[in-house]
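Heads up: the structure comes next, in structure tokens.
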Amino acid sequence: MSDIMIYTAGDSSLLIRFEQKISPDINGQITAVVRMIKAQQIEGVTDMIPAFASLLINYDPRVISYAGLKSRLEKLLKLEISGEASAARIFEIPVCYGGEYGPDLPGIADHAGLSVEEVVNIHSGKDYLIYMLGFLPGFSYLGGLDERIHTPRLANPRIRIPAGSVGIGGSQTGIYPLDSPGGWQLLGMTPVKTYDPDREVPILFEAGDYIRFIPVSEAEYLDIKKQVDEGVYTCTIHRKEVG
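In terms of the UniProt record's numbering, the sequence shown opens at residue 1 and continues consecutively.
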């Protein structure tokens, strides 16, 4: 891990900088480091925030100094962890595609030179790695969108995009966790709340998890939404070995 560097990031944070590229391998290294730090239970570490090619660590300087934390981390980073296998979670996210739920789906299909059905099959045909969370609480930056359905953002962003909307912005796809302005093109909507401040764990998933979009009919969407509103719906979660 010779490409990894540690920098100060203020009086109570430090930044671990990995090789500067977006790739599943780098994401796997970051996820492994997070897992190792949790296992070490380093006193004073208050939060860890993964990004595409870095990891921000917040700490309490009254408990551990910058020098002390850096020394602990340097020892961990000397370990060979890039090939370490782990079981990643795959969240099945039901999506009702098109119509009022995905008003931009026909335009996405036209831009790609494909049918609406082909776009849906491509979009729902793979598992997407969550590289990082940001922009809004629970907004997931997903990797691996098929190049055939890369679609430019809207020239004029919408003032309000409803929570649960699934969109494409350039080479990325993702789910809007809250009502928000935005310029991504909308191809569907999920009734699942990826962010719920009233839940014990407000954000549904973490960086390093995967999302699998499952096409559902409008009737199925409404049934799931009713279960979500009643607090009885649980996402199906699979596990697979990665690394």
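Glycine is no exception: its CB is placed at the ideal position from the N, C-alpha and C atoms.
- Distance from the CA atom of Q20 to the CA atom of E218, rounded to whole angstroms, is 42 Å.
- V228 sits close to P191, with the two beta carbons spaced by under 7 Å.
- Under a 10 Å Cβ-count criterion, L222 is classified as exposed, with fewer than 16 other Cβ atoms of the shown protein chains found around its own Cβ.
- Runs of alpha helix (DSSP H) with 4 or more residues, each lying fully within the region 10 to 96, are found at 24 to 40, 66 to 77, listed in chain order.
- The alpha-carbon of R35 is positioned some 43 Å away from that of G113.
- Checking the DSSP bridge columns, you'll see K240 partnered with A88.
- For I130, the enclosing beta strand (DSSP E) has its first and last residue at 127 to 133.
- With contact defined as three or more Cβ pairs closer than 8 Å, the region 137 to 149 and the region 202 to 210 are in contact.
- Annotation: the continuous beta strand (DSSP E) that includes P181 extends over 180 to 182.
- For the set D146, L76, E117, D11, the Cα lying nearest the Cα of M5 is the one of L76.
- Per the C-alpha coordinates, the member of L56, F213, K226, K225 positioned closest to I237 is F213.
- Taking a cut-off of 8 Å for Cβ pairs, the region 51 to 60 and the region 21 to 28 touch, as three or more such pairs fall below it.
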